[in-house]
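To start, the structure itself, in structure tokens.
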Amino acid sequence: MAHLNAYASKDALASALLAFIVERQSHAINRHDRFQVAVSGGSLPSILAQALLSEEAEGQIVWDKWQIFFADERAVPLDDEDSNFGLLKKELLDKLPEGTPQPTVVPIDTDYLDDTQELADQYEQALVRYFAPRDSVLKPIFDLLLLGCGPDGHTCSLFPGHELLRENDAWVAPIEDSPKPPPKRITLTLPVIKHAIKAVFVATGAGKQEILKQIFGDPEGGLPCTLVNHVLEDKVTWFVDYPAVEGVVYHKKSLL
Ligand SMILES: O=C1O[C@H](COP(=O)(O)O)[C@@H](O)[C@H](O)[C@H]1O
0 MAHLNAYASK
10 DALASALLAF
20 IVERQSHAIN
30 RHDRFQVAVS
40 GGSLPSILAQ
50 ALLSEEAEGQ
60 IVWDKWQIFF
70 ADERAVPLDD
80 EDSNFGLLKK
90 ELLDKLPEGT
100 PQPTVVPIDT
110 DYLDDTQELA
120 DQYEQALVRY
130 FAPRDSVLKP
140 IFDLLLLGCG
150 PDGHTCSLFP
160 GHELLRENDA
170 WVAPIEDSPK
180 PPPKRITLTL
190 PVIKHAIKAV
200 FVATGAGKQE
210 ILKQIFGDPE
220 GGLPCTLVNH
230 VLEDKVTWFV
240 DYPAVEGVVY
250 HKKSLL
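Under numbering that gives the first Met the number 0, the sequence shown has 168 at position 169, and the numbering climbs by one with no breaks.
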């Protein structure tokens, strides 16, 4: 069962998210001397920045041990306003204090923007280089997935009812018909998500309330976020604010 933690303010949420990330960072560095995370776009990078650039975070983040990958990415140039890399750069990476030892960041290879299958394959090859040789058994094991939840219940670029939810081989898959623009993207797949050590969802604002009621009201449902809860069970922690969680009935809900 996923954990659902609700906070009275975004500040309280950011502070709790920071503590969680710092704990996972220590665990990962002890395990393999690096911290391999996958990050979503959308509303996530700004909350992540609020947590990681706060005064409270000073001295706690070992940036040069971080390897940052993208949970999904749009098939656009890295400086396009739709780029998830571009968003993370603007919200977080460009704001790291001068002199900060830099994290490793692994964006898509924009030489392949015209061919989303090749774009996905190239990103999968990048994962192979950082994680493990690809065979039918091994999967990359992310230390932490930092995920968003769309108002329709999508996460990464896995959309409700889409055939990609049935992908069981590729680590990274292309999508050409994303219902949310832009249509062409690549995404981590459920088999990769399933192997992560931990995952976090961040969802804030009343606009997420109805979908959270569905996700937690019907844990056997087929929404992408529900499927992540299902495959990772108690390895998933939701960080939400009160407006997002109002009316959500769930026995593992903590109001903090
Ligand atoms: O298109 C996307 O949307 C989701 C959700 O975004 P949000 O703004 O509702 O938080 C995001 O997690 C994903 O990475 C992004 O490509």
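Ideal Cβ placement from N, Cα and C applies to all residues, glycine included.
Among all the DSSP beta bridges, which residues are the ones paired with residue i?
i, result
"residue 311", "Look at the range of the chain in this structure, 0 to 255, and you will see that residue 311 is not part of it."
"residue 6", "240"
"residue 225", "Residue 225 pairs with nothing; no bridge assigned."
"residue 257", "Nothing can be reported for residue 257: it is not among the residues displayed for the chain, which extend from 0 to 255."
"residue 147", "201"
"residue 154", "157"
"residue 104", "67"
"residue 235", "198"
Check the C-beta distance from residue i over to residue j and give it rounded, since I have them as a contact under 8 Å.
i, j, result
"residue 226", "residue 164", "7 Å"
"residue 39", "residue 70", "5 Å"
"residue 56", "residue 12", "Not a contact, Cβ separation roughly 14 Å."
What are the boundary residues of the beta strand (DSSP E) that residue i is part of?
i, result
"residue 186", "184-187"
"residue 174", "171-174"
"residue 73", "71-73"
May I ask whether a heavy atom of ligand 1 can be found less than 6 Å away from the beta carbon of residue i?
i, result
"residue 179", "yes"
"residue 42", "yes"
"residue 39", "yes"
"residue 149", "yes"
"residue 240", "no"
"residue 71", "yes"
State yes or no: is the beta carbon of residue i nearer than 7 Å to at least one beta carbon in chain D?
i, result
"residue 91", "This model lacks chain D altogether, as it is built from one protein chain only."
Out of the options, which has the shortest C-alpha to C-alpha gap to residue i?
i, options, result
"residue 105", "222, 241, 202, 37", "37"
"residue 177", "159, 167, 198, 171", "159"
"residue 41", "220, 148, 10", "148"
"residue 103", "72, 75, 67", "67"
"residue 204", "251, 240, 249", "240"
Where does the unbroken alpha helix (DSSP H) through residue i begin, and where does it stop?
i, result
"residue 90", "83-90"
"residue 211", "208-216"
"residue 120", "115-129"
"residue 47", "43-51"
Using only the heavy atoms of ligand 3, determine whether one of them is closer than 6 Å to the beta carbon of residue i.
i, result
"residue 204", "With respect to small molecules bound, the structure shown includes ligand 1 and not ligand 3."
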